[in-house]
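Single-structure report; data block below.
Written out as C-alpha cells, the structure is:
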C-alpha cells in the first residue's frame, strides 16, 4: 500500500454517527470492581469550553487485563455545554510487564473535536498512587507537566480537565 | 528519541498537523506543545472489540431508516479497511455520518438554509468482513457553506470512523468524491501536506460496483497504520 489514509476532523456533527455508543457508564452495575466517577471540562487555548468534543476511553479491567469478555473497557463520551463531560467506570488494575515495572492504573483517553484535524492521545492517572513513581510512561513526562495527567479528588467525583492548548496544555503522547 | 513500535509512524506529510492556519478552528484547539514520546505498551496494542449484534439492524443502508424514500442520488460506497502492508482489518467497526443530498445535517446545530429530509438521519455503521470489506447504501451528500472564510463551502463528503485492531489504528476521516471542484480550495482536505496522500481521501467511481438501474458505486479503501512483521521484545 502507498501509505495511511489521512485523518480529518470529526467536525461539529459527529453525534449523528457516534452517539449510539455514547455512554456515561463503562461498567454494568453487576460488574465487580471499585466504582469511580470522573468529570471534567474540555478547554481550548483561550480557556473557552469545547462543547463539541468527544473522548474515548480504553482501559484495563480491575485485574489489569485488556481481554476480559465481560468488560469491553471502552467508553465514548461527548462534551456538553461549558465543555463538561462525566462518566463512571471501575478502577483498572495495574498492568504487569514481564521483566519491567508495572504501569500504574490509568485510562487511555483519545480526544476528538471540531478543529482537531487528528485525534490526540493522553492518559488519566489516579491521585495519591505510589505506583506513579515507577510508571514507564509518567517517567517520560517532565515533572512540571505530570499534573495534567493526574485526576484530582473532588467532592463526589474525580476531576480531570482536558486542555487542548496553552500554558496548562494536557500532555499528549507521540505513539 | 527512537520510535519503538511495533506500529510504525505514518510517512512524513501523510497526516495533517494539528495546527493548520487556513482551517480557523485549529488555531485555538491544536495542541502546540511537543508530543511526549511514549512506548507502545499492552493497552496501546489492544483495542475494543465490537460485534454485529452491537450495531442494531439495517445500519448499513442509510436510506432505510425513514418511513419513505430518501431524496437524492442513491449511491453505494464500498471498500476495504487494510493496513499499510495490505493486511485486512477484519471484523472491525466502521461508522459513517453525513449531510443529506441538500447539504444539511440532521443535527440541531446545523442552521444551513437547506431542507431537511425527514427520511434521512445520515447515520450508518457496519462491521467489516474477514477480508476487511464494508459496504453502505446511502445518497450522495450535498456541499454546504461553513463560514471558515468568505464564501467557504465544504466539498461533498462522508465522515468515516474506523477502529482497526488497536487504539493506535483508530482513524476518523472524511471521504470525498472525484472531480469535486471544491477540493482544491478546501482547507480541511488540503491540511494533509503530501498531495498524493490527500488523494487517498477521494473515492473512485466504480462501474463494477454500480448497480444497473439503481445506484452509482464508489470505492473507498481505508489504510490504517502498519506494524513490523515481528514485534520486538522489550
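Protein chains in written order, with our numbering: chain W, 14 to 188; chain B, 117 to 350.
All C-beta atoms, glycine included, are put in the ideal place defined by N, C-alpha and C.
Exposed unless 16 or more other CB atoms sit within 10 angstroms - verdict on residue i
i: residue 47 of chain W; result: exposed
i: residue 173 of chain W; result: buried
i: residue 347 of chain B; result: Only weak support is given to the placement of residue 347 of chain B: the predicted model assigns it a pLDDT of 49, under 50, and the question is left unresolved by the model.
i: residue 189 of chain B; result: exposed
i: residue 81 of chain W; result: exposed
i: residue 178 of chain W; result: buried
i: residue 160 of chain B; result: buried
i: residue 73 of chain W; result: buried
i: residue 307 of chain B; result: buried
i: residue 28 of chain W; result: buried
i: residue 217 of chain B; result: buried
i: residue 184 of chain B; result: exposed
i: residue 275 of chain B; result: buried
Beta-carbon neighbours of residue i, restricted to chain W and to distances below 7 Å
i: residue 225 of chain B; result: 25, 26
i: residue 308 of chain B; result: 19
i: residue 289 of chain B; result: 18, 19, 20, 21
i: residue 239 of chain B; result: 29, 30
i: residue 169 of chain B; result: Ordered by position in chain W, no residue passes the 7 Å Cβ test against residue 169 of chain B, which lies about 13 Å from the chain.
i: residue 164 of chain B; result: 71, 85, 86, 87
i: residue 300 of chain B; result: What residue 300 of chain B touches in chain W: nothing, since even the nearest Cβ is about 16 Å away.
i: residue 332 of chain B; result: Near residue 332 of chain B there are no residues of chain W at all, since even the closest Cβ is about 22 Å away, more than 7 Å.
i: residue 339 of chain B; result: 14, 16, 17, 18
Expected contact under 8 Å - CB spacing of residue i and residue j to nearest Å
i: residue 302 of chain B; j: residue 257 of chain B; result: That pair is no contact at about 14 Å.
i: residue 130 of chain B; j: residue 17 of chain W; result: 6 Å
i: residue 168 of chain W; j: residue 140 of chain W; result: Rounded, the Cβ-Cβ distance is 14 Å, inconsistent with contact.
i: residue 253 of chain B; j: residue 337 of chain B; result: The Cβ separation is near 18 Å, so there is no contact.
i: residue 193 of chain B; j: residue 334 of chain B; result: 5 Å
i: residue 124 of chain W; j: residue 66 of chain W; result: 7 Å
i: residue 94 of chain W; j: residue 145 of chain B; result: Going by Cβ atoms, the distance from residue 94 of chain W to residue 145 of chain B rounds to 17 Å, so no, they are not a contact pair.
i: residue 175 of chain B; j: residue 237 of chain B; result: Rounded, the Cβ-Cβ distance is 10 Å, inconsistent with contact.
Contacts that residue i makes with chain B (C-beta to C-beta distance below 8 Å)
i: residue 127 of chain W; result: 141, 145
i: residue 173 of chain W; result: Neighbours of residue 173 of chain W on chain B: none; closest Cβ ~16 Å, over 8 Å.
i: residue 121 of chain W; result: 159, 160, 283
i: residue 177 of chain W; result: 144, 145, 146, 147
i: residue 182 of chain W; result: 147, 148, 149
8 Å Cβ cut-off: residues of chain W touching residue i
i: residue 212 of chain B; result: 30
i: residue 304 of chain B; result: 21, 22, 130
i: residue 180 of chain B; result: Neighbours of residue 180 of chain B on chain W: none; closest Cβ ~16 Å, over 8 Å.
i: residue 134 of chain B; result: 129, 130, 131, 133
Neighbour list for residue i in chain B, Cβ cutoff strictly below 7 Å
i: residue 186 of chain W; result: 151, 152, 154
i: residue 57 of chain W; result: 144, 145
Interface residues of chain B facing residue i [CB-CB closer than 9 Å]
i: residue 149 of chain W; result: 154, 155, 157
i: residue 153 of chain W; result: 117, 152, 153, 154, 155
Cross-chain neighbours of residue i in chain W, by beta carbon under 9 Å
i: residue 222 of chain B; result: 26, 29
i: residue 316 of chain B; result: 15, 16, 17, 18, 19
i: residue 189 of chain B; result: What residue 189 of chain B touches in chain W: nothing, since even the nearest Cβ is about 20 Å away.
Inter-stretch contact at 8 Å, needing at least 3 Cβ pairs: the region 95–107 of chain W / the region 24–39 of chain W: Yes, since at least three Cβ pairs between the region 95–107 of chain W and the region 24–39 of chain W fall closer than 8 Å, the two stretches touch.
Touch test, the region 148–161 of chain B against the region 148–163 of chain W, Cβ-Cβ under 8 Å, three pairs minimum: With the cut-off at 8 Å, the region 148–161 of chain B and the region 148–163 of chain W touch.
Runs of beta strand (DSSP E) wholly within the region 49–119 of chain W (minimum 3 residues, chain order): Listed in chain order, they are 66–72, 87–91, 97–103, 108–110, 113–116.
Length-filtered (4 minimum) alpha helix (DSSP H) runs lying within the region 133–170 of chain W: Counting only unbroken stretches of 4 or more residues, the alpha helix (DSSP H) elements lying wholly within the region 133–170 of chain W are 156–159, in sequence order.
At least three beta-carbon pairs within less than 8 Å, the region 241–248 of chain B to the region 167–174 of chain B: The answer is yes - the region 167–174 of chain B touches the region 241–248 of chain B, with three or more Cβ pairs under 8 Å.
Segment contact, 8 Å Cβ cut-off, at least three pairs: the region 123–137 of chain W with the region 278–291 of chain B: Contact between the region 123–137 of chain W and the region 278–291 of chain B is established, with three or more Cβ pairs separated by less than 8 Å.
Cβ contact check for the region 183–200 of chain B and the region 100–116 of chain W: 3 or more pairs under 8 Å: Touching, no, given that fewer than three Cβ pairs across the two stretches are closer than 8 Å.
Members of the region 77–107 of chain W that neighbour chain A once the beta carbon cut-off is set at 8 Å: Considering every chain present, this structure includes no chain A. Its protein chains are W and B.
Whole runs of the alpha helix (DSSP H) within the region 297–321 of chain B, excluding any shorter than 4 residues: Taking only runs of at least 4 residues, the alpha helix (DSSP H) segments lying wholly in the region 297–321 of chain B are 311–314.
Length-filtered (4 minimum) alpha helix (DSSP H) runs lying within the region 199–277 of chain B: Here no run is fully enclosed.
Secondary structure, beta strand (DSSP E): runs of 3+ residues fully inside the region 171–201 of chain B: As for any beta strand (DSSP E) of minimum length 3 sitting wholly inside the region 171–201 of chain B, the runs are 190–199, ordered along the chain.
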